[in-house]
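Asks: Here it is, the structure, as structure tokens.
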Amino acid sequence: MSMLNVNDLHVSYGGIRALRGVTLEVMQGEIVTIIGANGAGKSTLLNAISGFLRPGQGEMHFKGEKIEMKPSRIVKAGICHVPEGRLIFANLTVEDNLKLGAYLRTDRKKIAQDLERVYGLFPRLRERMKQLSGTLSGGEQQMLAMGRALMTDGDLVLLDEPSLGLAPLLVKTVFDIILEFRDLGKTILLVEQNAYKALHIADRAYVLEQGKIVKSGAAKAIAEDPAVKEAYLGAKSTTAG
Amino acid sequence: MNLFLQQLVNGLSIGSIYALMAVGYSLVYSIMNFSNFAHGSVIMLGAYFGYYAMTLLGLPFLGGAVAAALGSAGVAIILERLAYKPLRDRRAPFLYFIITAMGASMFIDNSVIATIGPTPKMYPNVFGQGPISIGHIDIGRVDLAMFIISAVALVALILFIDHTKLGKAIQATAYNMKASALMGISPSFVIILVFGIGGGLAGIAGILYGMKYQVFPQIGAITLKSFIAAVFGGLGSLPGALLGALLLGILETFVSGYLSSQYRDLIAFTLLIAMLVIRPSGIMGKNAEDKA
Amino acid sequence: MEYILGIFELSAINLVAVLGLSILTGFTGLFSFGHAGFMAIGAYVGGILTKNLHYPFWVAIIAAGLSAGLVSIVIGRLTLKLKGDYFCIATMGFGEAVRLIFSNMNYVNGARGLADIPQFKGASLAIPFVVAVIAIVVAWNLVNSRQGRNMVAVREEELAAQMAGINVLGSKMVAMIASAVLAGVAGALMANFIGFIAPKSFNMTKSTELTIIVIFGGLGSISGSVIGAFLLTALPELLRAFSDWRLVFYGLAVIVIMVGRPQGLLGGSELTPSGIRKMLADRKAKAAFARAKAGGRES
Amino acid sequence: MSVPILELKGLTKRFGGLTAVNDVSFRVEEGGISGLIGPNGAGKTTIFNLITGVYKVSAGDILYKGASIADKEPYKIADLGVTRTFQNIRLFKNLTVLDNVLTASHMSAKYGLAEALFRLPRFRRDEKALREKTMELLSIMGLADRAEVVSNNLPYGLQRRLEITRALALNPKLLLLDEPAAGMNPDETNQLMRLIGEIRGKFKLSVLVIEHHMDLIMGVCEHIHVLNFGCTLADGKPETVANDPKVVDAYLGAEETK
Amino acid sequence: SGGAGANTIKIGWFGPETGDSALWGQAEFNTMKMMVDDYNAAGGVNVGGKKYKLEVIGYDDKGDSTEAVNVTKRLITQDKVVAIVGPQGSGEAIPIAPIADDNKVPVVATTATNPKVTVQDDGTVNSYMYRACFTDPYQGKVAATFAYQKLNKRKAAIVMTVDDPYSAGLSQYFKQSFEQLGGKVVEQVSFTSGEKDFRAALTKVKASNPDVIFMPDYYNDVALIARQARDLGINQLLLGGDGWPSDNLIQLAGNALEGCMFINHLDFDGAAAAPMRAEYKTKYGKNAELNSYMAHDALVMVVDAIQRAKSFKPADIKAALDTTDLPVATGNNDYLTNPITGHIKIGPTHDPVGKTAWLIKIVGPDMKFQESFAADS
Ligand SMILES: Nc1ncnc2c1ncn2[C@@H]1O[C@H](COP(=O)(O)OP(=O)(O)OP(=O)(O)O)[C@@H](O)[C@H]1O
Ligand SMILES: Nc1ncnc2c1ncn2[C@@H]1O[C@H](COP(=O)(O)OP(=O)(O)OP(=O)(O)O)[C@@H](O)[C@H]1O
Ligand SMILES: [Mg+2]
Ligand SMILES: [Mg+2]
């Protein structure tokens, strides 16, 4: 079943045309990754899907229904976005942040379970439970953002560079968590600079260049594409770890 | 001793009015991060709504209070939609909000002067004549009513903010608007709600203020004091605003009572500066080290 | 004619104060609600010197600027560490405190005000204009110097400014002093122009008026402040026929400008040949973009 | 042994009950490129904040060219020649590229306030020199053609580059880079590596860099200090550190099979 | 400045049409317009045998001194009025004196009672400034004498607005006179204008237990202070000045002012006021305020001067104003030619000399005339 359909999406910021007709599809249960250079428009795409940016043109459908242009409605529908820059509630404690993740949910028991699961995945967060999250280190904040996304319990998770600024060991953890998200039945649209790792866990991939999709296909095939190798995977096989 | 107690009562009575004003103002501040200098005008309109509801429509006090609360809430929301939302959409810096608020305040106050006129008006007396005497202390009836109503309204608000889901949504939005949208909270809704609540409190403050004193177009000027109270208490903190308001009311009364009222404001403002210098985030405000 | 000249004089005087505030608010990002306080200090110093001590105008004007500047050092030390609204409210407290101090000071007649201050007449009527021109030149030079750039950096991002070796408090202090000196000078000009000063002329409304002019002209633009001072001093006069309604229009105008053109008349740009060129280029770029977008839609 | 450009001695920083940096000592040699690595929350950025005076030191000392800078104000430390970039970019967003750099080079101008107010000769001379110097720096850093662009409108990679350029405008002796490659792809990271090497030579700098991209760390650093929970975990040459089991355990993770 | 067009004489007016005292400013301007209509309906003003129409040009000064300076310049140099009626506040009248003198256009202030309006600190008389009202020293003296001698009050308390020149001046003169007579001011509390809560200060007044409380404030403050005083159980007599009389006073004060007294410029119910009172009420649907009568008298002074001068050159009007001597014709229905507030004779200081002060008592909803004092000075 098709989870997300994006059709001929155009977005611009004042003078800059960040997306120029992007079309893509994400099927239920898939991990789809979008790779592209800095400024290719990846974050713009995710922000448009979650309603933070108003497209100039184009349509999007989620589970067959047209997406309404309000972030809060979109979250309700089941899309959950972990943005670049994390956007945690800096003045709230770690625990309050996680609880707010479940704002729209009413199933208390399940919420408690999920909270335990998050702490299980990130023991660091349990240690820092009562700390104001603004004073967490960069990496800790990323963990919190991921944990909070789990708490919203959406069906489609948009992840914007989740490994940004994470220590190598944690980068691994993050990718493990993404796989775990999938095992929980979630569908994932992943934007990553760490193309090597992203292509490694994804089912399918799109390559975005200057606001346009230039390639798409099975993740394995894309990873083998010589042009992609050259531009995004570096000469040797990337980051340590 | 009697004199002291009488002054304490006088102070609490002023303080409770400051509190109603300061809490509404602080609430909006906590979400929008700017001082809504039009709050005073909303209070003033509340006083007029209440006045006309009670004199023209002949409503009883409660009806007047509801009319004032609803009317002011409506005005506050309209103000938000027409004046602040466009700025918010542009992510304008807080300076612009403050100036717009001042423009709005000028607009509202002078519209009232131009249409209704500058002459003060007196509420009908609904609480009966003469003070209530306890020992040697005289308490005005309006003051008593005001103290009770302020207390009820503020307790209700604090319970609402701390113990309901909507309250949590308000807090979250106050901390980070975009992040709360990611949690499924609609910021526009929360903002409207907050302006509605702030406006409602302003309306109640207006009608009480009007009953205690008079109704006139410059009522809003008094909100300056409630801003100071909010700063004393710590901007954005509701209990802080409450505490700051009561303290300011009592302080002012004692300065007037034991020194001279002509030094009252001077001392209030000097203390304000001293407070900001010693403890910039007020009594209850948080002061975390900036994380680089 | 004298009336028109009077309006121009008032505009020039306002301009001097506005330029000061422009440096502080527009370029350094500090929003003061208490500048009427500095004007009051200047006005009283100027008034006392010319009236009671019979000094010539120019001595009074300089002394007025210096005394406001000295006071601003003390106030700056106390308040410049504060952020955002806290700074606003502290300065507001300062402004009101100054007014109340003068209201309670018998030497200057308290609230009843100081009357019979020697006034500009004949040739000395040129003084406000000369001072205004000097103020424009000095303010212009300041914001286009390294000290001015430091102020802008402080406005933009304090922490990064510190890392760039900028003494943040120092820069704020320079802006504060400059703005206070100009406000003080304007106060003295006002005292001599009107011939009568009372504390209530320097209330919060006056501070607000100055700030509104700065914002109207555009934050971070000296030429905007100049135009703003002249327009907004004249506007109430033009609207005089509407009596009650003119302040309604004024308030509405402020909202409309903030909402419709939040950068003010000339936010961040200057009416100099190069500034105009820049603005036109900007326009062209935007137009080109709009065309491109329209084209993009069709394809 | 010569005096190191930077030496931390028993540096400690506590936030309430939390000890973010605990008795850390290490040195950065004059002209060297050193790396500071460690898991998230290990205290790396906190150390930068301590060196640059943003946070006050709880215990220990920071020596710059042998003299303590622990109690100095941030701008004074910057004037001495220590400057940094930020983990999350902090440019003067509304200013042009040129103005960003021009502002940072203010110490190169010697004119005083009075000279500025009245445009005395030294003002004109210094300003002219300043502009020329800034443009030169921009061309070295490949930003000259964007001099008039408002910095907020630059692509991310160029924003990072501008931040480094702005830091260089201060004529620093010691440059602290906080995750300069964050958000860059391998190709861009490689370019950045080259750039760091180049500027070290051209500007006679010592560099201390925080990074999680091990390619970069291994590629440019001559010396690495590893933190964990605020404490020193390892210190030494890149190869030694990378193979230290404690470091692998706490930070790098076991080598992945490809 | 020139004066009149072919057949009209322009007279300026300014006062507060907005702000706290707008009620009074509007009342003044209304009166001016009404009188000008009446003069014109009667064919105009006779100047040296020729009849000229009158025209009044009025501006709002917001009760602000800077504005006052602006509008004075505008009236004189743009509109070329031959004389100005107003302003009502001393704070506005004092700063415009030099402008009037420089341009040689006479100004007749309505209720500006501060001595400095006409006489400078050093004793110089402002040659173009006049007024239709008595001054604060006189009013203060009357109030003090009345309290001490007629009411036998020995201990007085004063409640005054510190930043209002009128209130501050009147308190000072009351205190002087009262203490000269042998009385004692046992408590003086002051507040700043805009204040609404007087309880703290009043609690202090109550503790000082005075025989009488002097309140030289404006009517809306008076109403508030009185109500709060009664709330605190202060039952003493409250005594005030010409800031009290207003149509709204009793409505705002409820019964808090029952039996209290104030000094006024006229007896509202007197025969002299009757014709104008009636006409004003018919025309504007509300009662004339004190300021209406003051503006009336000021305009009568100006017109009288024009007629006697047989010229509407400002300098000639000024010369004629110096010798103003307008007796009251009690019972005379022709309100356009007679002062309502008593005999007006301009003295060497340009203030009316020997003007009568009238004591009024509040009885129920009415302001009842008690007695009048002809000044001995
Ligand atoms: N708020 C904005 N205003 C103006 N331009 C913007 C804005 N945000 C992004 N852009 C521009 O839009 C283009 C796409 O940006 P986007 O952030 O989507 O890229 P990205 O692929 O996510 O890059 P990165 O890897 O750096 O996160 C870039 O040219 C960027 O400069
Ligand atoms: N102002 C502060 N108040 C309280 N705790 C803080 C503060 N700043 C940092 N910390 C804590 O100190 C620890 C070290 O933080 P720091 O930012 O130095 O980590 P880091 O090594 O830079 O991590 P990352 O690689 O994720 O950026 C963290 O646990 C963080 O929560
Ligand atoms: Mg991105
Ligand atoms: Mg860090």
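Residue numbers (our numbering), protein chains in the order written: chain A, 1 to 241; chain B, 242 to 533; chain C, 534 to 832; chain D, 833 to 1090; chain E, 1091 to 1467.
Beta carbons: idealized from backbone N, C-alpha and C, even for Gly.
Using beta carbons (cut-off 7 Å, strictly below), is residue 1467/E in contact with chain C?
Replies: For residue 1467/E, the pLDDT reaches just 44, beneath the cut-off of 50, and the residue's location in the model is therefore unreliable, leaving the point undetermined.
Asks: Measuring straight from C-alpha to C-alpha, what distance separates residue 809/C and residue 894/D?
Replies: Distance between the alpha carbons of residue 809/C and residue 894/D: 50 Å.
Asks: Out of 90/A, 139/A, 163/A and 165/A, point me to the one whose CA is closest to residue 130/A's CA.
Replies: Nearest option by C-alpha distance: 90/A.
Asks: Out of curiosity, what's the CA-to-CA distance linking residue 848/D and residue 886/D?
Replies: C-alpha separation (whole angstroms): 17 Å.
Asks: Is residue 474/B close to chain A? Criterion is C-beta to C-beta, closer than 7 Å.
Replies: Taking Cβ atoms only, chain A never reaches closer than 7 Å to residue 474/B, which makes this a no.
Asks: Does residue 1011/D get closer than 7 Å to chain F when you measure Cβ to Cβ?
Replies: Looking at the structure shown, chain F is missing, and the protein chains on hand are A, B, C, D and E.
Asks: Would you decide whether residue 1325/E is buried or exposed? Buried here means 16 or more other CB atoms lie within 10 Å of its CB.
Replies: Residue 1325/E comes out exposed.
Asks: Between the region 315-322 of chain B and the region 744-752 of chain C, are three or more C-beta pairs nearer than 8 Å?
Replies: Because the criterion of three Cβ pairs below 8 Å is not met, the region 315-322 of chain B and the region 744-752 of chain C do not touch.
Asks: Using a Cβ-Cβ distance cut-off of 7 Å, determine whether residue 550/C contacts chain D.
Replies: For residue 550/C, the answer is no, since every Cβ of chain D falls outside 7 Å of its Cβ.
Asks: Kindly list the residues whose CB is nearer than 8 Å to the CB of residue 1303/E, restricted to its own chain and excluding five residues on each side of it in sequence; keep chain order.
Replies: If we look at residue 1303/E and ignore the five residues flanking it on each side, its Cβ neighbours are 1246, 1247, 1248, 1249, 1295, 1319, 1324, 1326, 1327, 1328 and 1329.
Asks: Within 7 Å (strictly less), CB to CB, does residue 55/A reach chain B?
Replies: Chain B, which has no Cβ nearer than 7 Å to the Cβ of residue 55/A, makes this no.
Asks: What's the C-alpha gap between residue 193/A and residue 1015/D?
Replies: Cα-Cα distance, rounded: 6 Å.
Asks: Any residue with its Cβ nearer than 7 Å to a heavy atom of ligand 4 should be included. What is that list in chain order?
Replies: Cβ atoms closer than 7 Å to ligand 4 belong to 137/A, 138/A, 876/D, 877/D, 919/D, 1010/D, 1011/D and 1042/D.
Asks: From what residue to what residue does the beta strand (DSSP E) around residue 621/C run?
Replies: Careful: residue 621/C lies outside any beta strand (DSSP E), inside the alpha helix (DSSP H) at 617-636.
Asks: So, are the CB atoms of residue 1237/E and residue 1407/E less than 7 Å apart?
Replies: For residue 1237/E and residue 1407/E, no; Cβs fall outside 7 Å.
Asks: Under 6 Å from any heavy atom of ligand 5, does the C-beta of residue 292/B make it?
Replies: This structure lacks ligand 5; the ligands present are ligand 1, ligand 2, ligand 3 and ligand 4.
Asks: What residues of chain D sit near residue 164/A, judged by a beta carbon separation below 8 Å?
Replies: Near residue 164/A (Cβ distances below 8 Å), the residues of chain D are 1014 and 1015.
Asks: Helix or strand or just coil, what does DSSP make of residue 1235/E?
Replies: DSSP places residue 1235/E in helix when its eight states are reduced to three.
Asks: Whose C-alpha, out of 479/B, 462/B and 475/B, is nearest the C-alpha of residue 438/B?
Replies: Taking only the C-alpha atoms, the option nearest residue 438/B is 479/B.
Asks: Could you run through the region 310-331 of chain B and flag, in chain order, every residue whose CB is less than 9 Å away from some CB of chain A?
Replies: The residues in question: there are none.
Asks: What are the boundary residues of the beta strand (DSSP E) that includes residue 843/D?
Replies: Counting along the chain, the beta strand (DSSP E) containing residue 843/D begins and ends at 838-847.
Asks: Using a Cβ-Cβ cutoff of less than 8 Å, which residues in the same chain neighbour residue 510/B once the five nearest sequence positions on both sides are dropped?
Replies: Around residue 510/B: 469.
Asks: Per DSSP, what kind of secondary structure is residue 259/B in: helix, strand or coil?
Replies: Residue 259/B: helix per DSSP, three-state reduction.
Asks: Any beta carbon of chain D sitting closer than 7 Å to that of residue 168/A?
Replies: At least one chain D Cβ lies under 7 Å of residue 168/A.
Asks: Taking 6 Å as the cut-off, is the CB of residue 847/D close to at least one heavy atom of ligand 2?
Replies: Within the cutoff, so yes.
Asks: On a CA-only basis, which of 1440/E, 1387/E, 1345/E and 1168/E is nearest residue 1126/E? Give me that one, please.
Replies: Of the candidates 1440/E, 1387/E, 1345/E and 1168/E, the one whose C-alpha sits nearest the C-alpha of residue 1126/E is 1387/E.
Asks: Using beta-carbon positions only, say whether residue 1007/D and residue 999/D come within less than 7 Å of one another.
Replies: In contact: residue 1007/D and residue 999/D (Cβ atoms closer than 7 Å).
Asks: Roughly how many angstroms lie between the CA atoms of residue 330/B and residue 791/C, to the nearest whole one?
Replies: Taking the straight line joining both Cα atoms gives about 13 Å.
Asks: Inspect the beta-carbon positions of residue 161/A and residue 84/A and report whether they are closer than 7 Å.
Replies: Yes. Within cutoff.
Asks: From 101/A, 74/A, 77/A and 207/A, pick the residue whose C-alpha is nearest to that of residue 243/A; which is it?
Replies: One cannot answer for residue 243/A here, as it falls past the ends of chain A, which runs 1 to 241.
Asks: Listing by chain order, which chain C residues have their CB less than 7 Å from the CB of residue 922/D?
Replies: In chain order: 690, 692 and 693.
Asks: Return the CA-CA distance between residue 1277/E and residue 1215/E, expressed in angstroms with no decimal places.
Replies: Approximately 35 Å between the Cα atoms of the pair.
Asks: Is residue 1015/D near ligand 2, in the sense that its beta carbon is under 6 Å from a heavy atom of that ligand?
Replies: Checking the Cβ of residue 1015/D against ligand 2 gives no.
Asks: When DSSP labels each residue in this structure, what does residue 356/B get in the three-state scheme?
Replies: Note: residue 356/B maps to helix in three-state DSSP.
Asks: Which whole-angstrom value describes the C-beta separation of residue 1101/E and residue 1233/E, a residue pair presumed to lie in contact below a C-beta threshold of 8 Å?
Replies: Between residue 1233/E and residue 1101/E the Cβ distance is about 33 Å, and since that is not below 8 Å, they are no contact.
Asks: Any Cβ of chain A within less than 7 Å of the Cβ of residue 1089/D?
Replies: Confidence at residue 1089/D is low in this model, with a pLDDT of 36, below 50, so the placement of that residue is unreliable and no value is reported for it.
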